[in-house]
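Engineer:
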Amino acid sequence: MKKIVLVSILLIMASMKSQSTDGQSIIDILPPAPSTYAFATYGFQESNLFEGKIRADIPILNYNTKNLTIPISFGYSTSGVKVDDIDNTLGQTWSFNVGGVISRVVNGPEDTTGTNNVTPNQMTSNNMLEASYYDFIKTHKYSISLQNLEYDIYNFNFLGNTGKFILDKNNQFILLTPSDLKIAQIQGGFKITDNKGIEFYFEAKEYTKNFSSSCAGSRKPSSTNIIMSWYLTKVVNPTGEEIYFEYADSSYSFDSSIEQNVKSVASQNLFSYNSSPCNWGLAGNQMFISATQKIVNNCYNHQINYVKNLIKISSNNVVDGWVSLIYKNSGTTPNVKLLDKIIEYKNDNQVKEEINLSYQLIAGNSRNFLTNITYSKSNQKYDFAYISPELLPSRLVLAQDLWGYYNHATNDYYFIPKNVLLPEGANRDPNPQVSKYGMLKRITYPTRGFTDFEYEQNSYYGGKKIIDNYQSFQETATYLNSSLVGSIYNHSKIFNSGSLDPDEDVTLYAEITNNGLTCSPSSHIQEDPHATLTLQNLDDGTIVNISGGEVYLTNTASLALQELGVQSKLVYFKLLPNTNYELKVSAFKCLDVSYEYLSKKSIKFNDNIDYGGVRIKSLISSDGNGLEKKRYYYNKYQIKNVSSGDIGATPQFLSNYELRTYCPDNIAGENGNPFPTTDCQFQFQRYNILKSSSLQSLFNSGGNNIYYRVVSESLGGDNFENGNIEHEFIINRDDYVAKIHGNNEYLTDFGANKWSNTGWNHGNETKIKFFEKNNARKIKEIEKKYIKKGHDNRRFHNIIIADLYDEKETCPEPFATLLNKSIGYYFLEAKTSQIDEEVEKEYVANGDSLTTIKKYYYASPFHYSPTKETVTFPDGNIEENNYSYAYEKNNQVLINKNMTGYPLETSTIRNTDGITKIISKTETVYPDQNNFPTPQAGNLILPLSIKIFDIQNPTISYTGVTYDFYDSKGNHLQYTTKKGVPVTIIWGYNQRFPIIKMVGAKYDEIMEIPYIKNIVSASDTDALSGTPNDESLFLTLLDNFRKQQIFKDYQITTYTYDPLIGVRSITPPSGIREVYIYDTANRLKEIREGTQTGNILKEFKYNYKP
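Those letters in the sequence shown? Residues 222 to 1327, per the numbering used here, in order.
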């Protein structure tokens, strides 16, 4: 991991704080340089080791107003390139992080209103087997497809806030990931308010339209325009600052994926409620397929996206400038746009910075890869290299593993993985040699240091075996050497299965030959020459089920080989070891039957088994002076080569459905019936449906396919040369939809992503252990405990109803049984995980430990902020911190604005040697329902004063500082210290920055001086003058102001700025001016005395090191 380290800290910030002499920190009145962040954190990689991933974030720039910051960054997660991936805004694999979005997963009909979802209106108990469920389903059994039985799930991600919510039956938004955010529906979108009262508006809508080719047995997606996303359009601060996001419309269409299913007959029969025959001959039904037929459907899912491309970020203060984003065509999918450049403008329309992006277009597979980011003004540059992107295949090829990654397999026809019903199916196994193609290999930073990424295949520890041939025999059966009964002869072979592997298929290859020329013509059966093979367990008398490719399974579980153009058959079955069997052949006289039998044996052992996708193996970083390596092992040090991976669900590809054809009703006067009657006879075929994707998602609801319980970081190399950091995580997956009703003979496809969100603490880190080099000694351990929190104890029920077959409404089955329905159930609940306790142990050389325990308390039923924290130190002393927020102080004004995240009252209590003592207690006084709006701030909700409590007598308090006046932007104009000294602050640059601070002066008196308005006006002009501009006239105005005789008793400090970079000068009461000089990257370079060429007071250098 690489970091930029400042040789000197920006000591300027000390002077940027207004500190009163009584120790009360008043406010930060000057901001840091806006671009400092962009180059102060590059090289940082954020770990997501629970999933085996590393995230590389490239901060591009920050768009700043006085109190709001919008970061723009590019993020890379080492998840890999899937075959069907298309380019996004940054090509392949990178994500563009700016602003925010609410996206929606539509389950069934859209949840346009809460009452549109009928499930919770009918089902209010937490007991999913409640009778009302079935009553509801029975009542609506013929219109169930029109009912909305599942909740749509909304996902949000904006400026560090992530989570999910639903719309309940009362039209209230319920956060499934509870927090203090408030969600409201507005015209055209949503408004989310955070617990600081900042409002986020999502009004730019993005639509999607889906089409699918016919896939029998598959769910059909929507073919109407559906709003899938709402993008952030505005951010509003309680003080009135606003940031705007503008978008351009675009649209593109593409085949999003390919699916395949294979339909074959499972069973068929004629069944009726009476004995009368069907009056139009069901045997000739053309809707059915032959018993040996396989119907292969290739389904291309086509999508049209009507998208929004962010083109501008601006504010309601011209001083802040704006950001423009420019796109170009990707050259791959038509109309897909790539971000081409980002231009940051100053308030005078001058370009502050232009950031250009370059891509490598791989024409052979139609993919773009981001190759560099170049800053034109500051000459900074990032370069990116990837692993063999040119070797990736084109989209939609069948050479994919089960998780969608490239596996280089020769899958020319089938996409469904090989299995017992389709042994000729596709190879969908992962291939470690090629699944990492297209992944990020190196980042080269602006300093020309770099980080190399090395990957390995995901894996879990389980049973493996080496398979080899075991027992084989081959024979030919003819009527000449078999017992003959009329035109049929019988042949048998008795054998013992021996030590075969019962889990491996035994193969039987059989071939029939017509020897009609050697037979008497009169004994040759011309119509349907065939042979039947039957395998019987002689030890228990059972018949072995035989299955295979193009075969017909008879009712006796034997194999019928038919001479219908296919001369050879290969079938599969499983046998028990050390068991006696008899293979029987029954054939017409003129047929020869040759067969070959082969069983398998295996050597079983445990080992790591490859799984879909890759994980990070190592990071190698360089600053130009040497290499630093970090290696990852996915278990404890002692068993570091045994994977702790947990793979969750086993893939399931088979489902069933039934096709019924009912007889037509009898017409009055026909068949001897004087009245019309209902004919309830039917014929059916039950089908096996094999799908190319698992019926249950392999990526779980958390978005990943594998999780690691333990991960160890080897520092300094492969062998823990500089120590070891060991991480332990909780694995608590969500529960897949449960089948609560239905015939178990049917395997039902309820949909891949239907989960009860039971995994409230899934992925939480429970232990971090630190070891010395070579893992010699544990030096520290941190253990974390969590609690399940949520103020709403309701469960939100979802049911999925699948028809096993169509009923004829005029002759339904018994009403109470719902025989033709399969019902799945899952629930959603509003629960989250919060830290409960953190125990830190530091181990000393003799093996003893020093233990510190932090405990967190959440006493409020109205918010999720901690109300108390305690720390128990190794010596047994306890420190307690208490927090009271708007709800605890009953401040309805703050509650109504959702400004509930500010601790209004804090106190610290220390227990030393059994003696309890209050160390500090303060309260920040805000307007409330008794005095709002206020003379000080009007309709703005801003602090009025700070109260300090006497630690000897906590019932007594005094005012530490009073905030006397604010302007319309929420800027402090005057505050008064505990000693009664007024401090006046004059704001300029369109009320953006403080330009004068006067200790001892009253604001009203100062503003009566006409000269002050000239200074403010001059600052506004300076703000629009561009950079670098000559501010000498403005400095002269400030100096003349300071020198006026009437101000001789005041301490005056003056400031000038480049609004989009930082402070340019500070002149303290001493009159010795400090001038701040920045480099081309807008980083603070020097502080000089008096002028830009004066003596250097401080110098800042930026060195890159691991």
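The C-beta atom is built at its ideal place from N, Cα and C for all residues, glycine as well.
Report yes if the CB atom of residue 651 is closer than 8 Å to the CB atom of residue 603, and no otherwise.
Structural biologist: no
Engineer: How many whole angstroms separate the CB atoms of residue 574 and residue 311, which I take to be in contact at a CB cut-off of 8 Å?
Structural biologist: Rounded, the Cβ-Cβ distance is 18 Å, inconsistent with contact.
Engineer: On the three-state DSSP scale, how would you describe residue 1117?
Structural biologist: Helix, per DSSP.
Engineer: Considering only residues of the stretch 1229-1271, which uninterrupted alpha helix (DSSP H) runs meet the minimum length of 4 residues and lie entirely inside it, listed in chain order?
Structural biologist: If we require 4 residues or more, the alpha helix (DSSP H) runs fully inside the stretch 1229-1271 come out as 1231-1244 and 1253-1263.
Engineer: Taking the C-alpha atoms as reference points, what is the distance between residue 1322 and residue 1306?
Structural biologist: 7 Å
Engineer: Would you give the residue range spanned by the beta strand (DSSP E) that residue 1032 belongs to?
Structural biologist: No beta strand (DSSP E) holds residue 1032; DSSP gives it neither H nor E.
Engineer: What do you reckon, are the CB atoms on residue 919 and residue 870 nearer than 8 Å?
Structural biologist: For residue 919 and residue 870, yes; Cβs fall inside 8 Å.
Engineer: With distances taken from CA atoms, which of 661, 1217, 1054 and 1183 is nearest residue 1201?
Structural biologist: 1183
Engineer: Please report how far the alpha carbon of residue 523 lies from the alpha carbon of residue 688, in whole angstroms.
Structural biologist: 42 Å
Engineer: Pull up the DSSP beta-bridge partners for residue 900, would you.
Structural biologist: Answer is none; residue 900 lacks a bridge partner.
Engineer: What three-state label does DSSP hand residue 829 in the structure shown?
Structural biologist: strand
Engineer: Identify whether residue 1195 lies in helix, strand or coil by the three-state DSSP scheme.
Structural biologist: strand
Engineer: Let me check one thing: in DSSP terms, what residues is residue 478 bridge-paired to?
Structural biologist: 522
Engineer: How many Å lie between residue 656 and residue 578 at the Cα?
Structural biologist: Taking the Cα positions, residue 656 is about 27 Å away from residue 578.
Engineer: Determine the extent of the beta strand (DSSP E) in which residue 451 is found, giving its start and end residues.
Structural biologist: 447-457
Engineer: Looking at residue 710 and residue 810, is the spacing between their C-beta atoms short of 8 Å?
Structural biologist: yes
Engineer: Report all residues from its chain with a CB closer than 6 Å to the CB of residue 996; omit the five preceding and five following residues, and keep chain order.
Structural biologist: 858, 941 and 945
Engineer: Is it buried or exposed for residue 610, if we count other Cβ within 10 angstroms and need 16 for buried?
Structural biologist: buried
Engineer: Report the partner residues of residue 1275 according to the DSSP bridge assignment.
Structural biologist: Paired residues: 1217 and 1288.
Engineer: Between the beta-carbon of residue 955 and the beta-carbon of residue 980, is there less than 8 Å?
Structural biologist: yes
Engineer: Give the straight-line distance between the Cα atoms of residue 477 and residue 975, rounded to the nearest whole angstrom.
Structural biologist: 21 Å
Engineer: Can you check whether the CB of residue 1162 is closer than 8 Å to the CB of residue 1219?
Structural biologist: no
Engineer: Based on the DSSP secondary-structure assignment, which residues constitute the bridge partners of residue 1338?
Structural biologist: An answer regarding residue 1338 cannot be provided, because it is not within the stretch 222 to 1327 covered by the chain.
Engineer: Here's the rule I'm using: 16 or more other beta-carbon atoms within 10 Å means buried, otherwise exposed. How should residue 694 be labelled?
Structural biologist: exposed
Engineer: With which residues is residue 678 paired in a DSSP beta bridge?
Structural biologist: BP columns for residue 678 point to 835.
Engineer: Check each candidate in 293, 329, 301 and 401 and name the one with the smallest Cα separation from residue 1082.
Structural biologist: 401
Engineer: Does the stretch 1205-1218 come close enough to the stretch 537-553 to have 3 or more Cβ pairs within less than 8 Å?
Structural biologist: yes
Engineer: So, are the CB atoms of residue 1003 and residue 992 less than 8 Å apart?
Structural biologist: no
Engineer: Under the rule that 16 or more other beta-carbon atoms within 10 Å means buried, what is residue 501, buried or exposed?
Structural biologist: Below a pLDDT of 50, predicted positions are generally treated as unreliable, and residue 501, at 46, falls in that range; the measurement from the model is reported next regardless. Classification of residue 501: exposed, given that the 10 Å Cβ count is below 16.
Engineer: Can you tell which of 425, 390, 486 and 373 has its C-alpha closest to the C-alpha of residue 879?
Structural biologist: 486
Engineer: For residue 925, is the classification buried or exposed, using 16 other Cβ atoms within 10 angstroms of its Cβ as the cut-off for buried?
Structural biologist: buried
Engineer: How would you write the range of the beta strand (DSSP E) that residue 1151 sits in, first residue to last?
Structural biologist: First-last for residue 1151: undefined, no H or E at that position.
Engineer: Under the three-state reduction of DSSP, which class applies to residue 610: helix, strand or coil?
Structural biologist: helix
Engineer: Have a look at the DSSP bridge pairing and note the partners of residue 302.
Structural biologist: Under DSSP, residue 302 forms no beta bridge with any residue.
Engineer: Let me know if residue 826 comes out buried or exposed under the rule of 16 or more other beta-carbons within 10 Å of its beta-carbon.
Structural biologist: Classification for residue 826: exposed.
Engineer: Whole-angstrom Cβ separation of residue 1198 and residue 837, contact assumed at under 8 Å?
Structural biologist: That pair is no contact at about 54 Å.
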